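In my numbering, the protein residues as written are 47 to 308.
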């Protein structure tokens, strides 16, 4: 891939959570090693980073960390260098990112992410947006897909239309993929999540930018999402819902939520 000048080669990937919503699978297996599409979830992230020119990966580990360390080793068999930063299970993303950055990251600019997604996001484009905006952090965002169908109901309470798991084009959600400037470490909490602490604070002073990703994105946080991901990968429907031309109306005026989502 063609690279920008001063291309960041480091990424911090957090994979320390207990994966409670993936129980019983995660009762004795770390979430990062849960298989989807024939390979561990965290391996998807490592291979995607390598394909995007990242050669140095710091994995933040906690819950059942030995299994992740044993699986990835020094990263050589995946074509990258892997180091491990141990944090507590309940310290949150603030602790996880903070410790990993302070221990292993010297780069002025680097990538950071939660290790529970599968995506085709191009880091080159995201980095260009980050540098253009001069932010301390840039967050990749996508339009969310509802996990249930919508029913259009008229003023006489007749059903006039149905939308199966539509995309909300008026809403953006974080993918958990970021570009960070190193000085962000000064704004990270010792415990707690950056999404609830660091980002709101920095956004008030114009230091958090957004990169709108219009391609593929799958996140896996529950058994239902794991099942959906397997179906999408098997059917080759690995595309972001924001690419599809759904005719979605504002929920508050035209739709009622169906209780029978699949």
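C-beta atoms are modelled at their ideal positions from N, C-alpha and C, and glycine is treated no differently.
Model, not experiment: these values are computed from the prediction.
Quick check: what's the CA-CA separation for residue i versus residue j?
i, j, result
"residue 70", "residue 163", "20 Å"
"residue 125", "residue 97", "10 Å"
"residue 148", "residue 138", "16 Å"
"residue 304", "residue 207", "With a pLDDT of 36 at residue 304, under the threshold of 50, the modelled position of that residue is not reliable, and no figure is offered here."
"residue 84", "residue 278", "13 Å"
"residue 248", "residue 200", "43 Å"
"residue 227", "residue 270", "35 Å"
"residue 205", "residue 67", "34 Å"
"residue 250", "residue 268", "32 Å"
"residue 286", "residue 221", "With a pLDDT of only 39 at residue 286, under the threshold of 50, the placement of this residue in the model should not be trusted; the figure read from the coordinates follows. Going from the Cα of residue 286 to the Cα of residue 221 covers about 12 Å."
"residue 79", "residue 235", "27 Å"
"residue 242", "residue 233", "12 Å"
"residue 188", "residue 254", "16 Å"
"residue 263", "residue 273", "15 Å"
"residue 203", "residue 275", "35 Å"
"residue 121", "residue 144", "22 Å"
"residue 72", "residue 135", "14 Å"
"residue 246", "residue 179", "17 Å"
"residue 53", "residue 281", "35 Å"
Do the CB positions of residue i and residue j come within less than 9 Å of each other?
i, j, result
"residue 184", "residue 176", "yes"
"residue 92", "residue 169", "no"
"residue 182", "residue 230", "yes"
"residue 223", "residue 157", "yes"
"residue 237", "residue 140", "yes"
"residue 142", "residue 261", "no"
Using DSSP with H/G/I as helix, E/B as strand and the rest coil, what is residue i?
i, result
"residue 108", "coil"
"residue 285", "Because residue 285 carries a pLDDT of 46, less than 50, the predicted location of this residue cannot be relied on, and the following value inherits that uncertainty. Coil."
"residue 208", "strand"
"residue 249", "helix"
"residue 53", "coil"
"residue 127", "strand"
"residue 85", "strand"
"residue 188", "strand"
"residue 69", "coil"
"residue 266", "coil"
"residue 238", "coil"
"residue 139", "helix"
"residue 311", "In the structure as shown, the chain starts at 47 and stops at 308, and residue 311 therefore has no counterpart that could be examined."
"residue 273", "helix"
"residue 161", "coil"
"residue 194", "coil"
"residue 78", "helix"
By alpha-carbon positions, which one of the options ends up nearest to residue i?
i, options, result
"residue 239", "128, 131, 60", "60"
"residue 58", "255, 65, 106", "106"
"residue 112", "198, 131, 94", "131"
"residue 215", "237, 151, 259, 202", "259"
"residue 77", "266, 53, 173, 188", "266"
"residue 153", "122, 127, 102, 110", "102"
"residue 186", "276, 179, 252, 172", "172"
"residue 64", "256, 82, 109", "109"
"residue 327", "202, 150, 95, 145", "Given that the chain is displayed from residue 47 to residue 308, the structure contains no residue 327 and the question cannot be resolved."
For residue i, would you say it is in contact with chain C, using Cβ-to-Cβ distances shorter than 9 Å as the test?
i, result
"residue 199", "Structure shown: chain C not included; a single protein chain is present."
So does the stretch 76 to 92 actually touch the stretch 117 to 131, counting three or more Cβ pairs closer than 8 Å?
yes
May I ask you to verify whether the stretch 207 to 218 touches the stretch 182 to 199, counting CB pairs closer than 8 Å and requiring at least 3?
yes
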